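Going by full-length UniProt numbering, the sequence shown opens with residue 1, and the numbers climb by one from there. In this text, a Cβ means the ideal position worked out from N, Cα and C, and glycines have one as well. Just so we're clear, the structure is a prediction, and the values are computed from it rather than from any experiment. The next block holds one structure in the form of structure tokens; read it before the comments.
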Amino acid sequence: GQRSALLPFRKQGYVFEVGTYFSPTCLFFIILQGATPNLALFSRQIKLHCAEPFTDYWTCIDYSSLQLFRRCRTQQAKFDECVLDKLGWVRPDLGELSKVTKVKTDRPLPENPYHSRARPEPNPETEGELKPARHGSRLFFWTM
1 GQRSALLPFR
11 KQGYVFEVGT
21 YFSPTCLFFI
31 ILQGATPNLA
41 LFSRQIKLHC
51 AEPFTDYWTC
61 IDYSSLQLFR
71 RCRTQQAKFD
81 ECVLDKLGWV
91 RPDLGELSKV
101 TKVKTDRPLP
111 ENPYHSRARP
121 EPNPETEGEL
131 KPARHGSRLF
141 FWTM
């Protein structure tokens, strides 16, 4: 049978394009509302404009042994070029999507962000001189 032009997002074909597409709106949806951005619109745009290069790219990744991406660089270049020309999305540099992003917001800082307990009072100072244990250390086998 004929394979679908789009597979689930576990395929490595357009992970970077997903990050580029959702980067402006992702913070609003995920941080403030907890909703998910519309993946169907993204998939439709890829299917409408760049279905053939995308299919070639994910097929190459799918059939390459141990998912060695270096064997599919020509298909990746064609797919990236199509996405750039027709949709205007630039593939982010390696590591760009995993960087920490600061968000400006009017919400107050949380009082206890880690939900940590209050620190216990320190132990009181011992009065007088401490005598050695009557029968030696409990860890006697380490000290022999």
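Test item: CB-CB of residue i and residue j under 8 angstroms
i	j	result
Phe54	Ile61	no
Tyr114	Phe79	no
Ser64	Cys72	yes
Whole-Å CB distance - residue i paired with residue j, under 8 angstroms assumed
i	j	result
Cys50	Val83	6 angstroms
Rounded C-alpha distance that separates residue i from residue j
i	j	result
Glu125	Pro132	17 angstroms
Glu127	Ser137	21 angstroms
Gln76	Arg70	10 angstroms
Ser98	Pro92	11 angstroms
Arg134	Asn112	46 angstroms
Leu109	Val100	18 angstroms
Lys86	Leu94	22 angstroms
Asn123	Leu130	16 angstroms
Asp106	Leu41	30 angstroms
Glu81	Val103	31 angstroms
Leu139	Glu121	28 angstroms
Quick check for students: name the residue ranges of the alpha helix (DSSP H) that lie wholly in the segment 61 to 101, counting only runs of 4 or more.
73 to 82
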